[in-house]
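Take the sequence shown: its letter number 81 is residue 81 in UniProt numbering, and every next letter is one higher. In this text, a Cβ means the ideal position worked out from N, Cα and C, and glycines have one as well. Computed from a predicted structure; not experimentally measured. Contents: one structure, followed by commentary.
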Amino acid sequence: MSVLIVTSLGDIVVDLYSDRCPLTTKNFLKLCKIKYYNGCLFHTIQKDFTAQTGDPTGTGTGGDSIYKYLYGEQARFFSDEIHLDLKHAKTGTVAMASGGENLNASQFYFTLRDDLDYLDGKHTVFGEVAEGLETLARINEAYVDEKGRPYKNVRIKHTYILDDPFDDPPQLPEFIPDASPEGKPKDEVDVDVRLEDDWVPMDETLGPQELEEIIRAKDAHSSAVVLESIGDIPDADMKPPENVLFVCKLNPVTEDEDLHTIFSRFGSVSSAEVIRDFKTGDSLCYAFIEFDNKESCEQAYFKMDNALIDDRRIHVDFSQSVSKLWSQYRRKEHKTGQGDNSRYDMVFDEDIQESPKQDTGNRSQEPDVRAEKQKIERPSLEESRHRDQNKRDTRHGHRQAKKSSRDHRGGELRRERDDRESRPGGSRSSRVYVEEQNREKHKERRNDQDEKRVEERDYSKKSAGNGRHEERRDDKYYRKAIDDDRLREQGEDRDYRKRSADNDSRAERRDVGDCRKNSGIHRSYGDRKDDRDYKKNDVRDTGDERRDRKRGADGDGYRDRREDREHKRPEAGSADERDRDRRQRYDKRR
């Protein structure tokens, strides 16, 4: 009563307790006879615990008993056969993996260490490993994921019945296959990608030289993939032509015809070209020789290396350049270009020559891109112009209102000045009025400048915070519009300042003409251009005012003394006239 189980890691011989667990051992033996376990995975390996198998699906949730095949679906599971003296006491114990009480089917497990008392009384123990404990040790060392699934599959290859005490049921022969199945079971579910059980590392199957060649080939392919990704070669699998020689260390005086004549003795030469500087036309001291067949190229390689041409020892090697093949790939993929490229340039030389063409293509697309950008940004540009025009109109309205209010105040001050001039000492009142008017104009001018600075600062902040404005600023059309608006605004401000200055100067010349004659002021306060000139003139006016006050005080004192002398005369009037004169003098002093 024993079975040989052949696994991908070795053989295992299992002795069965057929007399203690007849139902379980019969199920196991008949399943092995119909090759049910062939190809089953060890789907769960828990190190130093158990290794579970027997599920054709490889998930741990499937499996059928032999009784299902014999008696139908209702007999898929069979009852437990638990004996208290059959324990998980040593490594290699074989027991059924059930889905619950009396739910045994086809799955079973091997214990991987001694004294697993935890499993006693819960699962049916029906055998033990007689031979192959080293195979269990290898299974125990398998690399597994967090679910216990090995990264490299461990399978049951075949099962051989060494001794079967049970007779075969009459229905069993129809389930026995003609040949032993190999490979994966048809019901296996591929959940994750794993290494197959027959996978062997390359270094264990090849010799050192073969392994080195394979490693070099892989490195070369990896480098080719990198070159393809950065655009140095058209395709990673491309190979340089085998009928082209690379010749270097040439004398600068060597010409194409010389090389064609020299190498034509080995066979028909298709082309011989010395690579030259694309700007100066000077030789770069290397060339490419193309033959009609591979044999002529190989013969020239062996004969011409280290040969003397024009007092120079040349070096010959097989060409590694694929620059000529670029045109073939462009025709095939992009259907552009006609005829083969006859130049055998190095990759970087070809890139230098073709870069202007790429730039030309990009420039040809720039107008379309610019047109699209203009269509997108035109509404926003018109909106910004409309907002700027509204702001200018608003500022102009404020200025007109300020101007009208200033004219109104100026009219009131002129009327007040006329009233004062009608009184004695009117010239001094006119000077005071002119000074007040000049101060008012200076204050208004400074307020206008402050308002302009505030508006410019707010506009700059708004422009700095607007990302789309920074992008549009690079567009020449937007810059032109901004410059036109700025020039228009500067022209309006300049015209407005000029008109205001002319109006102020005319009004001042008309209103304070007499005052300028008496006071000697020959400069117009309305024509001042900055605060520094105004301060200088203010100091001068202060001195004039101080002298005028002194003269007025002297004139008033002189008149008062003269009137006192007249009143002291004997022919003075009555007492009422004296009181009236006294009040007049008092008013004058005030």
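- By the C-beta criterion, the segment 86-95 is judged not to be in contact with the segment 186-201, since fewer than 3 inter-stretch pairs fall below 8 Å.
- When the beta-carbon positions are compared, residue 289 and residue 318 stay at least 8 Å from each other.
- In the DSSP assignment, residue 297 falls outside any beta strand (DSSP E) and lies within the alpha helix (DSSP H) extending over 294-304.
- Within its own chain, no residue has a Cβ closer than 8 Å to the Cβ of residue 170 once the five positions on either side in sequence are excluded.
- Under the 10 Å beta carbon count, residue 454 is surrounded by fewer than 16 other beta carbons and is classified as exposed.
- Straight-line measurement puts the Cα of residue 119 at about 24 Å from the Cα of residue 37.
- Distance from residue 136 to residue 112 at the Cβ level is roughly 6 Å; contact confirmed, criterion being Cβ atoms closer than 8 Å.
- Excluding five sequence positions before and after residue 64, the CB atoms of its chain that fall closer than 7 Å to its own CB belong to 76, 105, 106, given in chain order.
- C-alpha of residue 145 to C-alpha of residue 322: approximately 46 Å in a straight line.
- As DSSP reads the structure, residue 160 sits in a beta bridge with 4.
- If you look at residue 110, you'll find it in the beta strand (DSSP E) that goes 108-111.
- The residue among 295, 202, 218 with its C-alpha nearest the C-alpha of residue 244 is 295.
- Close CB contacts of residue 583 within its chain, under the 8 Å cut and outside five residues either way in sequence, are absent.
- By a beta-carbon distance limit of 8 Å, residue 21 does not contact residue 161. Their separation comes to about 17 Å.
- For residue 315, the secondary structure class from DSSP, reduced to helix, strand or coil, is strand.
- Excluding the 5 residues flanking it on each side, residue 256 has same chain C-beta neighbours closer than 8 Å at 272, 273, 274, 287, in chain order.
- Inclusion of residue 235 and residue 242 in the CB contact set at 8 Å is not warranted, their separation being larger than that value.
- Scanning its chain for C-beta atoms nearer than 8 Å, with the 5 sequence neighbours on each side dropped, one finds around residue 202 the residues 211, 214, in chain order.
- Pairing residue 97 with residue 125, the inter-Cα distance amounts to about 10 Å.
- Sixteen is the threshold: when 16 or more other Cβ atoms of the shown chains lie within 10 Å of the Cβ of residue 438, as they do, the residue is buried.
- Here residue 225 is exposed, its C-beta having fewer than 16 other C-beta atoms within 10 Å.
- In the three-state DSSP reduction, residue 77 falls in the coil class, being neither helix nor strand.
- Look at residue 104 here: in three-state DSSP terms it is strand.
- Taking 8 Å as the cut-off, the beta carbon of residue 79 is found no closer than this to the beta carbon of residue 29.
- Separation of residue 196 and residue 8 (C-alpha to C-alpha, rounded to the nearest whole angstrom) is 10 Å.
- Leaving aside the five residues that flank residue 49 on each side, the residues in its chain whose CB is nearer than 8 Å to its CB run, in chain order, 111, 112, 113, 116.
- In this structure, the CA atom of residue 163 is about 21 Å from the CA atom of residue 178.
- Beta bridge pairing from DSSP links residue 248 with 286, 315.
- Between the C-alpha atoms of residue 222 and residue 233 there is a straight-line separation of about 13 Å.
- Secondary structure note for residue 270: its beta strand (DSSP E) is the uninterrupted segment 269-276.
- One thing to note: residue 34 has its Cβ within 8 Å of the Cβ of residue 175.
- Distances from the CA of residue 15 to each of 130, 42, 39, 102 were compared; the closest alpha carbon is that of 130.
- For the pair residue 297 and residue 156, the CB atoms are not nearer than the 8 Å cut-off.
- For residue 128, the pairing in a beta bridge is given by DSSP as 15, 93.
- A buried status is given to residue 188, since no fewer than 16 other beta-carbon atoms sit within 10 Å of its beta-carbon.
- Taking each of 173, 172, 159 in turn and checking the Cα distance to residue 180, the smallest one comes out for 159.
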